[in-house]
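A.B. asks:
Numbering (the numbering used here), first residue to last: 3 to 279.
#1: Taking the C-alpha atoms as reference points, what is the distance between residue 278 and residue 111?
#2: Excluding sequence positions up to five away, which residues of its chain have a Cβ less than 7 Å from the Cβ of residue 182?
#3: Just verifying my parser: in three-state terms, what is the DSSP assignment at residue 330?
#4: Taking the alpha-carbon of residue 71 as reference, which of 199, 60, 45 has the nearest alpha-carbon?
#5: Cα separation between residue 282 and residue 199?
#6: Let's see if you can read the secondary structure: which residues bound the alpha helix (DSSP H) around residue 129?
#7: Near residue 173, what residues of its chain come up, given a Cβ to Cβ distance below 8 Å and the 5 sequence neighbours on each side ignored?
#8: With a 10 Å radius around its C-beta and 16 neighbouring C-beta atoms as the bar for buried, classify residue 7 as buried or exposed.
#9: Spatial neighbours of residue 136 within its chain, please: C-beta separation below 6 Å, excluding the five flanking residues on both sides.
#10: Check the Cβ-Cβ distances between residue 31 and every residue of chain B, and say whether any is below 9 Å.
#11: Since residue 277 is in the beta strand (DSSP E), which residue starts that stretch and which ends it?
#12: Within the continuous alpha helix (DSSP H) that includes residue 182, where are the two ends?
#13: If the criterion is Cβ atoms closer than 9 Å, does the pair residue 79 and residue 121 meet it?
#14: Taking residue 171 as the reference, give the member of 262, 130, 117 with the closest Cα.
#15: Classify residue 2 as helix, strand or coil using the three-state DSSP reduction.
#16: When DSSP builds the beta bridges, which residues end up paired with residue 146?
#17: CA-CA distance, residue 235 and residue 118?
#18: What does DSSP give as the partner residues of residue 20 in its beta bridges?
#19: Quick one: measure Cβ to Cβ for residue 81 and residue 24, integer angstroms, because I've assumed they're closer than 8 Å.
#20: Bridge partners for residue 140 per DSSP, in chain order?
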């Protein structure tokens, strides 16, 4: 069976619901609309604020109660704050049958919690997106419960790939993914800022230094991807004997920068595990 054809067949007459429509919910919906996978008529939304509801209605979205969203949708994205999850699940559990798909983007809560309230026979997908989904270059860590079949996985990937790259991972790795990919963009931003500050110290304007730093990162990533080489192999191609690069790398190593960055990721991982308890 052709998976591409299958995924498009699964999109036919598909209604996708969102319970919660903050930055993440909107980013997902915007990606689906931008890729023309769905129209606004296919998207059903539930929000608590009456002001938010009015705004979304003016934008052309169908705004309903949580129960109505679940009743009318085949796939439901749960995008509320962690403290609100149990309340929402208890509201929708009578409408959520075993044919529907729940995709949760709530951080820190295990699949077992959803199964306990909705029922162990229900289809649950736990995800961890990062902020870059807002610009279509996000990362998704995705874990499935035992009720998710291959067609379900194809559909889930089709929906999520509208905003980024999907990594199917064991749920035990979700905290690690949160640290590496979820918090990662903030760490990368700090490193880019350090490069820019170095540029300012050496005489560039703040604007020019930041642009140089960002283009250096962008160009390096593009090179690594296009050439399909390991970062250290790339490093060796521009590290000449007694040159500027090897002197800089020597200082980087003596300062323990690489080990420090590993510890940064590990600290974020530990905190993610603490929050999930």
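Note that CB positions come from ideal geometry on N, CA and C, so glycine has one too. Everything numeric in this text was worked out from a predicted model, so none of it was measured.
C.D. replies: Inspection of the coordinates gives the following:
#1: 6 Å
#2: 267
#3: Because the chain spans 3 through 279 in this model, residue 330 falls outside it and cannot be assessed.
#4: 45
#5: What is shown of the chain runs 3 to 279, which leaves residue 282 out entirely.
#6: Taken as a continuous stretch (DSSP letters only), residue 129 belongs to no alpha helix (DSSP H), being part of the beta strand (DSSP E) at 125-131.
#7: 112, 113, 128, 145
#8: Any reading at residue 7 must be qualified, since the residue scores a pLDDT of 40, below 50, and its modelled position is unreliable; no value is offered.
#9: 29
#10: In the structure shown, chain B cannot be found, because there is only a single protein chain.
#11: Premise fails: residue 277 lies in the alpha helix (DSSP H), 259-277, not in any beta strand (DSSP E).
#12: It is not in any alpha helix (DSSP H) - residue 182 carries neither H nor E in the DSSP assignment.
#13: no
#14: 130
#15: Nothing can be reported for residue 2, as the shown portion of the chain is limited to 3 through 279.
#16: 127
#17: 49 Å
#18: 47, 79
#19: 7 Å
#20: 166
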